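*Asks:* All residue numbers for the sequence shown refer to the working numbering, where the first residue is 92 and numbers rise by one. A virtual CB, placed ideally from N, CA and C, is assigned to each residue, including glycine. Everything numeric in this text was worked out from a predicted model, so none of it was measured.
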Amino acid sequence: MEISVIASGSNGNSCLIEEKDASILIDAGKSGREIEYRMSNLGKSMENVDAILVTHSHHDHITGAGVLSRRYGVPIYVSNEVYSDAKFKLGESDVKLFSVDKNFKIKKVEIKPVLTSHNVSSCGFVIDKFGLFTDTGIVTRQMKNIIGKLKAVLLESNHDIDMLIRGPYPAFLKQWILSDKGHLSNVHASSLIQDKGKNLDLVLLAHLSGNNNSPEVAEKTFETLVKRKIDFSVCSREKESGCWKI
Ligand SMILES: [Zn+2]
Ligand SMILES: [Zn+2]
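1) Around the C-beta of G120, are 16 or more other C-beta atoms found within 10 angstroms, so that it is buried, or is it exposed?
2) Between the C-alpha atoms of N290 and Y260, what's the straight-line distance to the nearest angstrom?
3) To which residues does DSSP link S324 through a beta bridge?
4) By a C-beta neighbour count over all protein chains shown, 10 Å radius and 16 as the cutoff for buried, is N171 buried or exposed?
5) Here's a check: name, in chain order, each residue in its chain whose Cβ is nearer than 6 Å to the Cβ of V158, leaving out the five neighbours to either side.
6) Quick check on the DSSP output: the alpha helix (DSSP H) that includes G123 runs from which residue to which?
7) Can H150 be considered in contact with ligand 1, in the sense that its beta carbon sits closer than 6 Å to one or more heavy atoms?
8) Kindly examine ligand 1 and report whether one of its heavy atoms sits closer than 6 Å to the Cβ of L176.
9) Just curious, the beta strand (DSSP E) that I337 is in, first and last residue?
10) Give me the Cβ distance between S276 and I252, rounded to the nearest whole Å; I'm assuming they're in contact under 8 Å.
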């Protein structure tokens, strides 16, 4: 399997998973053109994508999904709950609905939705030994149960709690981000890896905030809390991050 991080951060998210039998784009939270451009920088093309999976209806995950789906004739897979929030943003696209409590297949590749906890309906996905979990205020029971079985994870490491508390955001926004339905902090992400990620060989720290985090702070927290040697990278908010084979 090859994992390519095309965009990551509160300013847009998209990740390409290439398996022998199918290529799957998880989220398309930049413009269609930007995603095409970044994919070409990584030697990838939308022409080869079989499906777009969407985690939730926020613009940083869905902005380009409708355009890319129509331009390339690629279906969008979205949960029933997310579809009711996202209908508008997807427009007249080929939409396939799934239920978050059931696995489903894209070609021969099995997809397992995993519940996350956000202020709108949302989920992450497990494909083979890889899991993608962003936009979650807490580590959910479902995430906790599966992470020990994974070899690679793309995990939200959104903010440094002190930077957020001392930072410029209004109180209500700070409260939301810190809540069970907000975003996962550096400490929570790294603690999860340390406590439960016993089989992980690769960690991609993702969905960093531009105001309340920095790649250096996320990296330092990870290195302080995670005692085991694991290959890890902090995904870039500015450009495509790269490709990893597992
Ligand atoms: Zn997001
Ligand atoms: Zn979100």
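*Replies:* According to the data block:
1) buried
2) 37 Å
3) L295, per the DSSP bridge assignment.
4) exposed
5) G123
6) 123-132
7) False, no ligand heavy atom lies under 6 Å from that Cβ.
8) The sequence as given places Asp at residue 176; Leu does not occur at that position. No, since every heavy atom of ligand 1 falls outside the 6 Å radius drawn around the Cβ of D176.
9) Per DSSP, I337 belongs to no beta strand (DSSP E) and is neither H nor E.
10) 5 Å
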